[in-house]
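Take a look at the structure set out below.
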Ligand SMILES: Cc1cc2nc3c(=O)[nH]c(=O)nc-3n(C[C@H](O)[C@H](O)[C@H](O)COP(=O)(O)O)c2cc1C
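Numbering (my numbering), first residue to last: 3 to 312.
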């Protein structure tokens, strides 16, 4: 049998298939459908210092090969999460990664500190697509100086590994990846959603209450693969890259992995095929068997090692 387990930050994950933030809640609802402990890891919905109600509806709209959302980072706040949700998470036999965000550096740090004692949470994933209120609202992830400073400030205060989830809404994602690595990030997650808009021509206005939203789903697969490829080319093995964006099947996941991802996350696919993460795990296993590849890690970045001719 091929070996899908691998080590990252001194932690042995049972497989490289995780579920993406915001598409799987806190991992509790899916227990009614399947055994969540089969997943390599669960990334939680974004957590902030204070509870947030999110944006007004409509905040989801279907697009060709994807969806646009403007949920607005709705969540109960990190303290309520620790009191009411975390004890349930502790019963699930897989690792959790807390996706976190804030409007200031101090808020990000406080959220992490509240989670430091939670053993089941093995790493933080920073959502940096949030407006920095101290810098006029420009997202942390769109301002390399603010991004570097954020990563440094958090790293000083925490013991768990820090992953930074990059925004694709920039000209050169590799510049931001480099800043994160030089500021001490332990890993990178590529990519968050792309800003898009849908107009309802009957109502003669944008569909979403916020006008624009984040595009996700199969439509963004080639963009995610390209950004992982470019980042891997630039940074090589300096830090692991986690791939997310447009993954529904094992073939999609394998594109991320061949481009340089050490693990992948399934996002929007959870909404239209809740079993897709399990199918991806089984599909990767079968693919490895058919190719005679024993260890999953041999697949990572493989397309860079081949002599690719146009
Ligand atoms: C409804 C919804 C909510 C999301 N919430 C978050 C979030 O709280 N934090 C975050 O970093 N990303 C969030 N994302 C982005 C996803 O984690 C993922 O990066 C993105 O959807 C691309 O992957 P996909 O094409 O497989 O969905 C959300 C995406 C969707 C569709």
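Where is the CB? At the ideal position from N, CA and C, for every residue including glycine.
Model, not experiment: these values are computed from the prediction.
Any heavy atom of ligand 1 inside 6 angstroms of the beta-carbon of residue i?
i: residue 167; result: yes
i: residue 21; result: no
i: residue 286; result: no
i: residue 246; result: yes
i: residue 57; result: no
i: residue 106; result: no
i: residue 251; result: no
i: residue 129; result: yes
i: residue 296; result: no
i: residue 157; result: no
i: residue 243; result: no
i: residue 171; result: no
i: residue 230; result: no
Look at the alpha carbon of residue i and the alpha carbon of residue j, and state the distance between them as a whole number of angstroms.
i: residue 252; j: residue 289; result: 8 angstroms
i: residue 167; j: residue 207; result: 31 angstroms
i: residue 98; j: residue 25; result: 14 angstroms
i: residue 27; j: residue 273; result: 11 angstroms
i: residue 271; j: residue 277; result: 9 angstroms
i: residue 123; j: residue 157; result: 16 angstroms
i: residue 264; j: residue 250; result: 17 angstroms
i: residue 125; j: residue 165; result: 7 angstroms
i: residue 154; j: residue 129; result: 15 angstroms
i: residue 281; j: residue 69; result: 21 angstroms
Apply the 10 Å Cβ neighbour rule to residue i and answer buried if 16 or more other Cβ atoms are within range, or exposed otherwise.
i: residue 159; result: exposed
i: residue 188; result: buried
i: residue 66; result: exposed
i: residue 3; result: exposed
i: residue 169; result: buried
i: residue 127; result: buried
i: residue 36; result: exposed
i: residue 279; result: buried
Between which two residues does the alpha helix (DSSP H) carrying residue i extend?
i: residue 285; result: 278–293
i: residue 22; result: No alpha helix (DSSP H) holds residue 22; DSSP gives it neither H nor E.
i: residue 134; result: No alpha helix (DSSP H) holds residue 134; DSSP gives it neither H nor E.
i: residue 229; result: 223–237
i: residue 149; result: 146–159
Verify the CB distance criterion: does residue i have a CB-CB separation below 7 angstroms to chain C?
i: residue 75; result: Annotation note: the requested chain C is absent from the structure, which comprises a single protein chain.
Counting along the chain, where does the beta strand (DSSP E) carrying residue i start and finish?
i: residue 45; result: 43–45
i: residue 71; result: 68–71
i: residue 218; result: 214–218
i: residue 64; result: 62–65
*Answer yes if the stretch 51–59 comes into contact with the stretch 71–86, meaning at least three C-beta pairs across the two stretches below 8 angstroms, and no otherwise.*
yes
*asked:* For the structure I just gave you, are there three or more beta carbon pairs, one from the stretch 143–162 and one from the stretch 112–123, closer than 8 angstroms?
replied: The way I'd put it, the stretch 143–162 does touch the stretch 112–123; three or more beta-carbon pairs between them come closer than 8 angstroms.
*Does the stretch 83–101 come close enough to the stretch 134–146 that 3 or more CB-CB pairs lie under 8 angstroms?*
No: the two stretches stay apart, fewer than three of their Cβ pairs being nearer than 8 angstroms.
_For the stretch 215–227 against the stretch 185–200, do three or more pairs of beta-carbon atoms, one drawn from each stretch, fall closer than 8 angstroms, so that the two count as touching?_
yes
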